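Trainee:
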Amino acid sequence: MSNLTFQTIRKSFGANVALHGLDLAVGQGELVSLLGPSGCGKTTALRIAAGFETADSGAVLVGGTDISRMPPHKRNMGMVFQSYSLFPNLDVTANVEYGLRTRKVDRASARTRVADMLELVQLTAHATKYPHQLSGGQQQRVALARALAIQPSVLLLDEPLSALDAKVRASLRDEIRRIQTEVGITTLFVTHDQEEALAISDRVGVMSQGNLEQLGTPTEVYRNPSSAFVARFIGSMNELPATVLDGHTVRVHDVPVHVTRGTQLAADSQATLLVRPEDTHFVTNGEAGLAGHVVGQTFQGVSTTVSVRLKALDALITVHEVGSVEGRLEPGDEVKVTLDGRHAVVEAVG
Numbered sequence: 004m005s006n007l008t009f010q011t012i013r014k015s016f017g018a019n020v021a022l023h024g025l026d027l028a029v030g031q032g033e034l035v036s037l038l039g040p041s042g043c044g045k046t047t048a049l050r051i052a053a054g055f056e057t058a059d060s061g062a063v064l065v066g067g068t069d070i071s072r073m074p075p076h077k078r079n080m081g082m083v084f085q086s087y088s089l090f091p092n093l094d095v096t097a098n099v100e101y102g103l104r105t106r107k108v109d110r111a112s113a114r115t116r117v118a119d120m121l122e123l124v125q126l127t128a129h130a131t132k133y134p135h136q137l138s139g140g141q142q143q144r145v146a147l148a149r150a151l152a153i154q155p156s157v158l159l160l161d162e163p164l165s166a167l168d169a170k171v172r173a174s175l176r177d178e179i180r181r182i183q184t185e186v187g188i189t190t191l192f193v194t195h196d197q198e199e200a201l202a203i204s205d206r207v208g209v210m211s212q213g214n215l216e217q218l219g220t221p222t223e224v225y226r227n228p229s230s231a232f233v234a235r236f237i238g239s240m241n242e243l244p245a246t247v248l249d250g251h252t253v254r255v256h257d258v259p260v261h262v263t264r265g266t267q268l269a270a271d272s273q274a275t276l277l278v279r280p281e282d283t284h285f286v287t288n289g290e291a292g293l294a295g296h297v298v299g300q301t302f303q304g305v306s307t308t309v310s311v312r313l314k315a316l317d318a319l320i321t322v323h324e325v326g327s328v329e330g331r332l333e334p335g336d337e338v339k340v341t342l343d344g345r346h347a348v349v350e351a352v353g
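Numbering (our numbering), first residue to last: 4 to 353.
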């Protein structure tokens with residue numbers, strides 16, 4: 004297995020700049036997800052790695068070797084697409100074997116390899132079935148087996164779960180991670196689904212308008228977003244108007260909030276404070292807080308999301324409470340909330 008490196012990759016389509024100089028290194032055996040909205044450049048980066056697009060400048064390296072000018076079929080990349088791309092006239096065995104046959108692998112070795120791959124993706128019992136006889140999740144597992152059968156240096160996954168329903172997606176997501184870890188293959192995973200990226204990645208790269216905004220572990224990008232864009236894109240945020248008091252303190256209405264990560268904004272400047280719902284808490288002991296009333300609540304099993312309308316700001320925020328609040332908080336109840344600024348982000352207004 005090898006590492007995958009993008010060195011200052013730039014790519015434009017006419018006047019549209021898709022990548023502004025992408026620098027990214029995916030370590031050997033690591034799974035890195037590129038996450039972002041449509042048009043952010045994540046799929047372009049993957050297609051450049053695969054050889055389906057050519058960068059305007061920069062280089063792609065695998066194991067230290069520049070493959071930028073190699074044709075796709077010589078790059079030894081395994082790729083899984085959103086649409087499965089199975090051959091409808093071939094059964095499961097023949098689909099998985101296809102890449103081995105084009106590489107002139109002898110029949111006995113190919114069949115052994117196919118059997119190993121079908122066992123890996125737990126489809127041995129479906130070896131003689133055709134794609135139309137399989138569920139969507141099973142078809143995608145066949146596509147994964149086919150990609151891995153050629154023993155690629157790097158595995159590229161292009162939104163492989165987006166065509167599946169939620170339950171199947173969650174199950175296959177975990178299967179992909181199990182298989183990737185078991186095989187130990189360097190993997191680049193492209194998705195617009197934050198839950199997907201956070202669940203299976205060693206590191207997540209959040210992209211916006213052709214730029215890599217932040218690269219870090221799932222915990223890092225969620226708990227310590229590097230920008231307001233990352234904060235908003237990963238999870239949900241309460242957004243409240245604030246006034247900067249100093250480098251580490253802002254005031255929301257009449258409540259000061261200590262912001263551990265600090266702000267470069269000048270004192271008395273207007274800002275927006277972004278705080279996650281789990282960092283927004285109800286005051287229970289009479290301490291100072293932002294007054295409001297409960298608007299509604301949504302029970303989600305392990306937690307409850309409570310909607311609160313703040314009086315002075317006329318702002319609707321959410322609070323995540325562990326477990327149920329039934330019998331403790333009801334719509335219309337007067338409450339006070341406090342804000343934990345340890346992981347908050349301060350954004351300039353205007």
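The beta carbon of each residue, even a glycine, is placed where N, CA and C say it ideally should be. These numbers were taken from a predicted model, which means no experiment stands behind them.
Which whole-angstrom value describes the C-beta separation of glutamate 281 and histidine 323, a residue pair presumed to lie in contact below a C-beta threshold of 8 Å?
Mentor: Confirmed, about 4 Å.
Trainee: Can you give me the C-alpha to C-alpha distance between methionine 82 and alanine 152, rounded to a whole angstrom?
Mentor: If I take the Cα positions, the gap works out to 11 Å.
Trainee: Do glutamine 183 and threonine 190 have their C-beta atoms closer together than 7 Å?
Mentor: Contact: yes.
Trainee: Applying the 10 Å Cβ sphere with the 16-neighbour rule, what's the burial state of alanine 417?
Mentor: As shown, the chain starts at 4 and ends at 353. That puts residue 417 outside it, with no answer to give.
Trainee: Is the CB-CB distance between leucine 342 and valine 297 below 7 Å?
Mentor: Contact flag unset, no.
Trainee: Kindly indicate which residue of Asn79, Pro40 and Met240 has the alpha-carbon position closest to the one of glutamate 162.
Mentor: Taking only the C-alpha atoms, the option nearest glutamate 162 is Pro40.
Trainee: Excluding sequence positions up to five away, which residues of its chain have a Cβ less than 8 Å from the Cβ of proline 259?
Mentor: Around proline 259: Leu248, Thr252 and Val253.
Trainee: Along the chain, where does the beta strand (DSSP E) containing proline 163 start, and where does it finish?
Mentor: Looking at the DSSP string, proline 163 is not in any beta strand (DSSP E), and its letter there is neither H nor E.
Trainee: Terminal residues of the continuous beta strand (DSSP E) containing glycine 39?
Mentor: Per DSSP, glycine 39 belongs to no beta strand (DSSP E) and is neither H nor E.
Trainee: Counting only runs that start and end within the region 87-124, where is the alpha helix (DSSP H) found for 4 or more residues in a row?
Mentor: Listed in chain order, they are 95-105 and 110-123.
Trainee: How about valine 209 and leucine 38: do their beta carbons lie closer than 7 Å?
Mentor: In contact: valine 209 and leucine 38 (Cβ atoms closer than 7 Å).
Trainee: Going by the DSSP bridge assignment, what does glutamate 357 pair with across the sheet?
Mentor: With the chain running from 4 to 353 in the structure shown, residue 357 is simply not present.
Trainee: Look up leucine 332 in the DSSP assignment and say whether it is helix, strand or coil.
Mentor: Here leucine 332 sits in coil by DSSP.
Trainee: Report yes if the C-beta distance between leucine 103 and glutamine 142 is below 7 Å; otherwise report no.
Mentor: It is not a contact, given that the beta carbons lie outside the stated cut-off.
Trainee: What residues in its chain sit with their C-beta under 6 Å from that of glutamine 136, if we drop five residues either side in the sequence?
Mentor: Answer for glutamine 136: no residue qualifies.
Trainee: Just how far apart, CA to CA, sit leucine 316 and alanine 274?
Mentor: About 14 Å.
Trainee: Assign threonine 252 to one of three DSSP states: helix, strand, or coil.
Mentor: Strand, per DSSP.
Trainee: Quick one: any contact between the region 57-74 and the region 9-25, if contact means 3 or more CB pairs under 8 Å?
Mentor: Yes, they touch.
Trainee: Going by alpha carbons, who is nearest to lysine 339 out of Thr301, Arg206, His256 and Ala270?
Mentor: Measuring from the Cα of lysine 339, the nearest candidate turns out to be His256.
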